[in-house]
Amino acid sequence: DAKTTQPNSMESNEEEPVHLPCNHSTISGTDYIHWYRQLPSQGPEYVIHGLTSNVNNRMASLAIAEDRKSSTLILHRATLRDAAVYYCILRDLTGGGNKLTFGTGTQLKVEL
Amino acid sequence: DAGVTQSPTHLIKTRGQQVTLRCSPKSGHDTVSWYQQALGQGPQFIFQYYEEEERQRGNFPDRFSGHQFPNYSSELNVNALLLGDSALYLCASSWGQEYQETQYFGPGTRLLVL
Numbered sequence: 001d002a003k004t005t006q007p008n009s010m011e012s013n014e015e016e017p018v019h020l021p022c023n024h025s026t027i028s029g030t031d032y033i034h035w036y037r038q039l040p041s042q043g044p045e046y047v048i049h050g051l052t053s054n055v056n057n058r059m060a061s062l063a064i065a066e067d068r069k070s071s072t073l074i075l076h077r078a079t080l081r082d083a084a085v086y087y088c089i090l091r092d093l094t095g096g097g098n099k100l101t102f103g104t105g106t107q108l109k110v111e112l
Numbered sequence: 113d114a115g116v117t118q119s120p121t122h123l124i125k126t127r128g129q130q131v132t133l134r135c136s137p138k139s140g141h142d143t144v145s146w147y148q149q150a151l152g153q154g155p156q157f158i159f160q161y162y163e164e165e166e167r168q169r170g171n172f173p174d175r176f177s178g179h180q181f182p183n184y185s186s187e188l189n190v191n192a193l194l195l196g197d198s199a200l201y202l203c204a205s206s207w208g209q210e211y212q213e214t215q216y217f218g219p220g221t222r223l224l225v226l
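Heads up: the sequence lines are chains A and B, in that order.
For the first sequence, position 33 matches number 33 in the numbering used here, and the numbering has no gaps at all.
Take the position in the second sequence, starting the count at 1, then add 112; the result is the number in the numbering used here.
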């Protein structure tokens, strides 16, 4: 599985933008970049995904580097409810399945 | 629309026992995946079921087995429990025809092995 590298933790103030980086230097041409987050005492939830172009949805934006070796999840205005572990994942399509390979993620702390 | 549900929410077992965990997928989903999450770690893929067959398996011993029923619900069985099996077990569902389909996770079953 292609591997991702994320900082262990980041801090932000409420209503400030947050940029969560992810490095994936061994990404292959067909790997999609997915982001999930896990709030305390809950299962992970989907945030956003993309292949080459930047993507926006109601939760966040995903900026993908031109060489695709890194990406950044952008929360435009962090709230206390955004405090969670954020996982950057490269989608594995081998073997006919679609498993998610999680790393240790980035713990985001949001302060007033 | 009910999301992914799992039962039980918590479970305590002793070493050597066997355990069965249950999962009902989100409405309209036909694929179920199971993950194990140890404290402080990211979830680790156990296996995935589609059309009542194991489609993909992670690096877990044969003590971990599963089943998918015609209504797409699924069970995870763990035999000969070890202390190291203590973890949060997560079930995720998706629609199997699309590899890029988002996976929806349940709240998990927390298993403690004493």
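Virtual Cβ for every residue (Gly too), placed ideally from N, Cα, C.
C-alpha gap between Ser9/A and Arg37/A, whole angstroms: For this step, residue 9/A is matched to residue 9 along the first sequence. For this step, residue 37/A is matched to residue 37 along the first sequence. Straight-line Cα distance between these residues: approximately 13 Å.
So Phe159/B packs on Gly178/B, CB below 8 Å; how close in whole Å? Taking the second sequence and counting its residues from 1, the one referred to as residue 159/B is at position 47. Taking the second sequence and counting its residues from 1, the one referred to as residue 178/B is at position 66. Their Cβ separation, rounded to whole angstroms, is 6 Å, which keeps Phe159/B and Gly178/B in contact under 8 Å.
Using DSSP with H/G/I as helix, E/B as strand and the rest coil, what is Leu75/A? Taking the first sequence and counting its residues from 1, one reaches residue 75/A at position 75. Reduced to three states, the DSSP call for Leu75/A is strand.
Could you check whether Glu14/A and Leu80/A sit closer than 8 Å to each other, using their CB atoms as the reference points? The residue labelled residue 80/A in the question sits at position 80 within the first sequence. The residue labelled residue 14/A in the question sits at position 14 within the first sequence. Yes.
Residues that Thr214/B contacts on chain A, provided the C-beta gap is smaller than 7 Å: Working through the second sequence from its first residue, we reach residue 214/B at position 102. Within chain A, the residues near Thr214/B are Tyr46.
Counting along the chain, where does the beta strand (DSSP E) carrying Trp35/A start and finish? The sequence position of residue 35/A within the first sequence is 35, counting from 1. Ile33 to Gln38 is the span of the beta strand (DSSP E), which, as asked, contains Trp35/A.
Pro137/B versus Thr5/A: straight-line alpha-carbon distance, rounded: Indexing the second sequence from 1 puts residue 137/B at position 25. Indexing the first sequence from 1 puts residue 5/A at position 5. Near 31 Å, if we compare the C-alpha coordinates of Thr5/A and Pro137/B.
Kindly give me the distance between the Cβ atoms of Tyr86/A and Leu20/A, rounded to whole angstroms, as I take these residues to be in contact under 8 Å. Looking up residue 86/A in the first sequence gives position 86. Looking up residue 20/A in the first sequence gives position 20. Tyr86/A to Leu20/A, Cβ: 5 Å. Contact.
Less than 6 Å between C-beta atoms, sequence neighbours within five positions excluded: which residues of the same chain meet that for Tyr46/A? Mapped onto the first sequence, residue 46/A falls at position 46. If we look at Tyr46/A and ignore the five residues flanking it on each side, its Cβ neighbours are Tyr36.
Just confirm the distance between the C-beta atoms of Tyr201/B and Leu188/B, as a whole number of angstroms; I'd bet it's less than 8 Å. Your numbering for residue 201/B matches position 89 in the second sequence. Your numbering for residue 188/B matches position 76 in the second sequence. With 8 Å as the limit, Tyr201/B and Leu188/B qualify as a contact, their Cβ atoms being about 6 Å apart.
Is there a C-beta anywhere in chain A that falls below 8 Å from the one on Ser185/B? Position 73 of the second sequence, counted from the first residue, corresponds to residue 185/B. With 8 Å as the cut-off, Ser185/B does not count as an interface residue toward chain A.
If you compare alpha carbons, which of Val116/B, Ala199/B and Leu223/B is closest to Asp142/B? Within the second sequence, numbered from 1, the residue matching residue 142/B stands at position 30. Ranking the options by Cα distance to Asp142/B, first place goes to Val116/B.
The segment 14-44 of chain A: positions lying closer than 9 Å to chain B by Cβ: Tyr32, His34, Tyr36, Gln38, Ser41, Gln42, Gly43 and Pro44
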